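2 protein chains.
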Amino acid sequence: MTDPAPTAAVLIIGNEILSGRTQDLNLNHIATKLTQRGIRLAEARVVPDIEDEIVAAVRALSARYTYVFTTGGIGPTHDDITVDAIAKAFGRPVIVHPEAERRLIAHYGADKVTPGRLRMARTPEGAELVDNLVSGAPGIRIENVFILAGVPAIMRAMIDHIVPTLPGGPVVLSRSVACLIGESVLAEPLGAIQAAHPDVDIGSYPWFRSGKFGVSLVARGIDPAVLDTVVGEISAMIRSLGGDPVEEDS
Amino acid sequence: MTDPAPTAAVLIIGNEILSGRTQDLNLNHIATKLTQRGIRLAEARVVPDIEDEIVAAVRALSARYTYVFTTGGIGPTHDDITVDAIAKAFGRPVIVHPEAERRLIAHYGADKVTPGRLRMARTPEGAELVDNLVSGAPGIRIENVFILAGVPAIMRAMIDHIVPTLPGGPVVLSRSVACLIGESVLAEPLGAIQAAHPDVDIGSYPWFRSGKFGVSLVARGIDPAVLDTVVGEISAMIRSLGGDPVEEDS
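Chains as they are written, first to last, in the working numbering: chain R, -13 to 236; chain B, -13 to 236.
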């Protein structure tokens, strides 16, 4: 289908994700919020704390998608190199952002603003700030890139603040029907339903829950009437195979 | 540091991750297993179920890293396009792999091998099979790419089987020291410790647990004696700032 919606990519910056030390939880939250807003998350990448890797990924993603959201690497320590890397990606110098400095002083108190804390007022030249209601250091917008914290509570506050301000396209709605029939048995009739409805994406997701193997058939599209039709056809197909279709949260 | 270890990338294939429907759990498991084996996970990407996207990502990642592990899209339904896309990435036809077919027949019984099930015997020409002890459909190795299931239980069985067969490099060891001092206060002395030990990567990860803000300082490197030294310096630095260093699982 021709899709007029804005697109987005997520860039997760952090050795701790790639080493396995930390389970990323940010991508799923951002994906959910963007989907609800009618912005299509089209790609995500995880890169290490290496400047050249961040620069290359930011350039590739910002050229291709409407928005890029980065997470991680904006704290005060030596391994926080995201701001410098993204400034480099856009060929801009890093400056101390006067408003970010003012906010950090207001947050910590003038006598407690250490050089480490003021490091968090550094932004690429020409950046706008993203409010951070949880801690003092703001997020940053430069060009089409939003530079967010990696700590989930702070990242969530930032993204929940940003997303409603962005123009969204048609929201992709989702309906899910579960059954206990094997994917292999469903594959052929399900493919026929998909072929008949090119404006709907039908996904088949097998699972194992409470000792039972089953599958969730998820239909996604922007027209609720078409989704109704597709869910009806999927349910009828399941019944025709002797199964019991159960609509579930999607 | 010059690092002789093999490198790897993970390619997660699935609309359900990008829509927010599903929280990916596979990356963290693969990352942990590779780290334990001395293979450096250098990048991860998530792409949708779109052939051109999969082809482009496989080509980019397989050219750059020693190994690529893909997850998702190898079932029997219409949305399972991983095998075709990876075959295309390497300019190979898709064939019905005789040994995969034999295994599927053995698993399901000759009278129950539907066309849908036999679809899971399709591989790029020249592929090797990866054992799947959980369900009938094998994983696939082609060139330096391992094509794994997306269902976590099956993916884990496959990766746990594969990784010990791959040559690993020096294992990166990890030590973590937690304290309740703010990152901004630690930043400068921590940066000095990092500068003095270029063969160790020191990461600083702030957290909020049980009502307290703290930070974990994680040192990673291949030489346990150097890590001992670094952990000692970090602990002394924390004490010099009035804090109480607590070594934790890393």
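Quick reminder that beta carbons are idealized off the backbone N, C-alpha and C, glycines included.
Keep in mind the model is a prediction, meaning the values are calculated, not measured.
For threonine 21/B, the chain R residues whose C-beta falls within less than 7 Å of its own C-beta are Ser5 and Gly6, listed in chain order. The C-beta of threonine 63/B comes closer than 8 Å to at least one C-beta of chain R. The beta carbon of arginine 108/B does not come within 8 Å of any beta carbon belonging to chain R, so the residue lies off that interface. In the structure shown, threonine 68/R adopts helical secondary structure according to DSSP, grouped into three states. In the three-state reduction of the DSSP assignment, aspartate 10/R falls in the coil class.
Leucine 176/R: member of the alpha helix (DSSP H) spanning 169 to 182, first to last residue. Around leucine 27/R, the beta-carbon contacts reaching into chain B at under 8 Å are Leu4, Ser5 and Gly6.
The alpha-carbon separation between leucine 213/R and glutamate 233/R amounts to approximately 13 Å.
Residue pairing for alanine -5/B: DSSP places it in a beta bridge opposite Glu29/B and Val54/B.
Interface annotation, leucine 176/R: in contact with chain B, CB-CB separation under 8 Å. For aspartate 187/B, the enclosing beta strand (DSSP E) begins and ends at 187 to 195. Using a Cβ-Cβ cut-off of 8 Å, tyrosine 51/R does not count as an interface residue toward chain B, since no Cβ of chain B sits closer than that to its own. Taking every protein chain shown into account, the CB of glycine 228/B has fewer than 16 other CB atoms within 10 angstroms, so this residue is exposed. The secondary-structure analysis by DSSP pairs glutamate 114/B across a beta bridge with Arg127/B.
Judged by beta-carbon spacing, arginine 105/B lies beyond the 8 Å limit of serine 160/R, meaning their Cβ atoms are not closer than that value.
Within the same chain, Arg78, Pro79 and Ile81 come within 6 Å of glutamate 111/R by CB-CB distance, once the 5 residues on both sides are set aside. Contacts with chain R at 8 Å (Cβ-Cβ) include arginine 206/B. With the rule of 3 Cβ pairs closer than 8 Å, the stretch 184 to 200 of chain B counts as touching the stretch 124 to 140 of chain R. In the structure shown, glycine 207/R falls within a strand segment according to DSSP collapsed to helix, strand and coil. When the five nearest sequence neighbours on each side are left out, the beta carbons in the same chain lying within less than 6 Å of the beta carbon of lysine 74/R are those of Val41, in order along the chain.
Distances from the CA of proline 84/R to each of Gly61/R, Ile60/R, Ala71/R and Ala123/R were compared; the closest alpha carbon is that of Ala123/R.
Judged by DSSP secondary structure, isoleucine 91/R falls within the alpha helix (DSSP H) whose first and last residues are 84 to 94.
Rounded to whole angstroms, the Cβ separation of threonine 100/R and serine 170/B is 5 Å, and the two are in contact under 8 Å.
Straight through space, the alpha carbons of alanine 30/B and aspartate 146/R are spaced by roughly 25 Å. Aspartate 185/B is outside the set of residues whose beta carbon lies under 8 Å from a beta carbon in chain R. Below the 9 Å Cβ cutoff, chain R contributes Ser5, Gly6 and Arg7 as neighbours of threonine 18/B, in chain order. At a cut-off of 8 Å between C-beta atoms, glycine 102/R counts as an interface residue with respect to chain B. Taking alanine 107/B as reference, the option from Gly61/B, Arg225/B and Val216/B with the minimal CA-CA separation is Gly61/B.
By the criterion of a C-beta distance shorter than 6 Å, methionine 141/R is surrounded in its chain by Asn12, Thr57, Leu134 and Ala135, once the five residues flanking it on both sides are discounted. Against chain R, a Cβ distance below 9 Å from arginine 31/B picks out Glu29, Ala30, Arg31 and Val32. DSSP, read as helix, strand or coil, puts threonine 109/B in strand. Closest in alpha carbon position to glycine 197/R, among Leu166/R, Asp35/R, Ala71/R and Ala143/R, is Leu166/R.
When secondary structure is reduced to three states using DSSP, serine 226/R falls in the helix class. The secondary-structure analysis by DSSP pairs glutamate 219/B with nothing; it has no beta-bridge partner. With a 10 Å radius around the Cβ and a threshold of 16 neighbouring Cβ atoms, leucine 119/B comes out exposed.
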